[in-house]
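Undergrad:
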Amino acid sequence: MERTNEHKVFFFSPIELKNWTIHFIKEAGIKPKKKLSQNFTIDPNYIETFIKELSLIDNLEWMVEIGTGIGTLTKAVSYAFSSSNIITIEKDASLFSIISSIIEERNVYLILADALGIVPSIKTSVVFSSTPFSITSPIIIKACRNNNIKNMILGMQKEVAERLVAATGSKSYGRLSILAQLLFEIRIVRSFTPKSFFPEPKVSVSIVSLKRKKNYDTKVHFLLEKLTSCVFSQRNKNSRKVFKRCLETLKLNCIDYIEKLLENKRVRELSPWEMEEISRRCAEVTER
């Protein structure tokens, strides 16, 4: 695929990008909506990190962007990968109307829609997003279930990024850690302070690379989601007692087949792979 020799954004300094962003928002009459997590980047390094990570992916013929915003990242990716096609999704109708008039790149296709409803049916293998904070976890979970999605480059709350890579038993370890670690190779690329955005969010942001290593199994991993939803509500308790209660709630009669995996561990001490094996054994028992 043909790419530009240097993956640079169309603004070349932090001052220029910040001034342009503030001026554009003011002139367009845009009032950033907190409930939609509308914090626009004013840091070229943030954008260039996306460009660099996308350049490491082989198949970039089609890409999907979640959250067009004011088009800063959209335009940069369009410029850097001029032979690629970019489908960009924006939920805010008023913002969509404004950016529709300024995004004129021929390889960009704008869609007015709620990304949460589109992610399950995405056919392209690459997704990138300066992800709206309010939907970060749901987007990741829905993407996990869609085996068409092979690579994701996502900007997200640093706290969520740390949950994705959290070690078994740690404070941040939980349902999201388990599902994501089973299905993706996860790498936190770089973190940015609130000063990299306008308006400034209350949290730092990390760019995370997710590369699929395993497909979502509709039997095993769907059951895993249901089990982790139940057992991790009591993450610090004895796993055998918690699982027994949750299996009864879910009407699954498989406690005898998983007891050796539970031993005397607390729920949070069960690794993603142990949770997957527990789910697999229960799924097999259910099918008999």
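Each step along the sequence shown adds one to the number in the UniProt record's numbering, with nothing skipped, and position 42 is 42.
From the three backbone atoms N, C-alpha and C, an ideal C-beta is built for every residue, glycine too.
Since the model is a prediction, treat every value here as computed from it, not as a measurement.
1. Can you look up Leu110 in the DSSP assignment and give me helix, strand or coil?
2. What number of angstroms, rounded off, separates the C-alpha of Phe222 from the C-alpha of Ala28?
3. Please tell me whether Thr228 and Arg175 are closer than 7 angstroms, where the distance is taken between their beta carbons.
4. Beta-carbon separation of Ser37 and Ser129 under 7 angstroms?
5. Strictly by DSSP, which residues pair up with Ile103?
6. In the DSSP assignment, what are the bridge partners of Leu154?
7. Going by C-alpha distance, which of Ser55, Ile30, Arg212, Pro201 is nearest Ile98?
8. For a test of the three-state rule: what should DSSP assign to Glu259, helix, strand or coil?
9. To the nearest angstrom, how far is the alpha carbon of Thr124 from that of Leu154?
10. Measure the CB-CB distance between Phe184 and Leu210 and report whether it falls below 7 angstroms.
11. Taking contact to mean 3 or more Cβ pairs, one atom from each stretch, closer than 8 angstroms, check whether the region 42-51 and the region 103-114 are in contact.
12. State the start and end residues of the unbroken beta strand (DSSP E) segment that holds Ser191.
13. If you reduce the DSSP assignment to three classes, tell me which class Thr21 lands in.
14. With a 10 Å radius around its C-beta and 16 neighbouring C-beta atoms as the bar for buried, classify Ile15 as buried or exposed.
15. Given this structure, state the Cα-to-Cα distance separating Ser100 from Ala113, to the nearest angstrom.
16. Which value, in whole angstroms, describes the spacing of the CA atoms of Lys18 and Arg212?
17. Smallest Cα separation from Ser239: which of Ile87, Ile122, Gly169?
18. Among the residues of its own chain, which have a CB less than 6 angstroms from the CB of Ser177, if the five just before and after it don't count?
19. Alpha carbon to alpha carbon, what distance is there between Gly69 and Arg3?
TA: Per the coordinate set shown:
1. For the purposes of this step, residue 110 is taken as residue 110 along the sequence shown, with counting starting at 1. In this structure, Leu110 counts as strand in the three-state DSSP scheme.
2. Mapped onto the sequence shown, residue 222 falls at position 222. Mapped onto the sequence shown, residue 28 falls at position 28. When rounded, the distance between both Cα atoms is 44 angstroms.
3. Translated into positions along the sequence shown, residue 228 becomes position 228. Translated into positions along the sequence shown, residue 175 becomes position 175. With contacts defined as CB atoms closer than 7 angstroms, Thr228 and Arg175 qualify as a contacting pair.
4. Stepping through the sequence shown from its first residue, residue 37 is reached at position 37. Stepping through the sequence shown from its first residue, residue 129 is reached at position 129. At the C-beta level, Ser37 and Ser129 stay beyond 7 angstroms of one another.
5. Start at 1 with the first residue of the sequence shown, and residue 103 comes out as number 103. Paired residues: none, contrary to the question.
6. Taking the first residue of the sequence shown as position 1, residue 154 is located at position 154. DSSP, once it has assigned bridges, lists Ser129, Val208 as partnering Leu154.
7. Numbered from its first residue, the sequence shown carries residue 98 at position 98. Ranking Ser55, Ile30, Arg212, Pro201 by Cα distance to Ile98 puts Ile30 first.
8. Taking the sequence shown and counting its residues from 1, one reaches residue 259 at position 259. In the three-state reduction of the DSSP assignment, Glu259 falls in the helix class.
9. On the sequence shown, position 124 is the one that residue 124 refers to. On the sequence shown, position 154 is the one that residue 154 refers to. Distance between the alpha carbons of Thr124 and Leu154 is about 16 angstroms.
10. The residue given as residue 184 occupies position 184 in the sequence shown. The residue given as residue 210 occupies position 210 in the sequence shown. Using a Cβ distance threshold of 7 angstroms, Phe184 and Leu210 count as a contacting pair.
11. Contact between the region 42-51 and the region 103-114 is absent, with fewer than three C-beta pairs closer than 8 angstroms.
12. Indexing the sequence shown from 1 puts residue 191 at position 191. DSSP places Ser191 inside the beta strand (DSSP E), whose first and last residues are 184-192.
13. Start at 1 with the first residue of the sequence shown, and residue 21 comes out as number 21. In the structure shown, Thr21 sits in a helix (DSSP, three-state: H, G or I).
14. Mapped onto the sequence shown, residue 15 falls at position 15. Looking at its Cβ environment, which holds fewer than 16 other Cβ atoms inside 10 Å, Ile15 is exposed.
15. The residue you call residue 100 lines up with position 100 of the sequence shown. The residue you call residue 113 lines up with position 113 of the sequence shown. Put simply, the backbone Cα of Ser100 is about 14 angstroms away from that of Ala113.
16. Residue mapping note: residue 18 aligns to position 18 of the sequence shown, counting from 1. Residue mapping note: residue 212 aligns to position 212 of the sequence shown, counting from 1. Taken atom to atom, the span from the alpha-carbon of Lys18 to that of Arg212 is near 35 angstroms.
17. In the sequence shown, the residue the question calls residue 239 occupies position 239. Ranked by Cα distance from Ser239, the options Ile87, Ile122, Gly169 are led by Gly169.
18. By one-based count along the sequence shown, residue 177 stands at place 177. Answer for Ser177: Arg163, Ala166, listed in chain order.
19. Here residue 3 corresponds to residue number 3 of the sequence shown, with the count starting at 1. Here residue 69 corresponds to residue number 69 of the sequence shown, with the count starting at 1. Below a pLDDT of 50, predicted positions are generally treated as unreliable, and Arg3, at 40, falls in that range; the measurement from the model is reported next regardless. When rounded, the distance between both Cα atoms is 24 angstroms.
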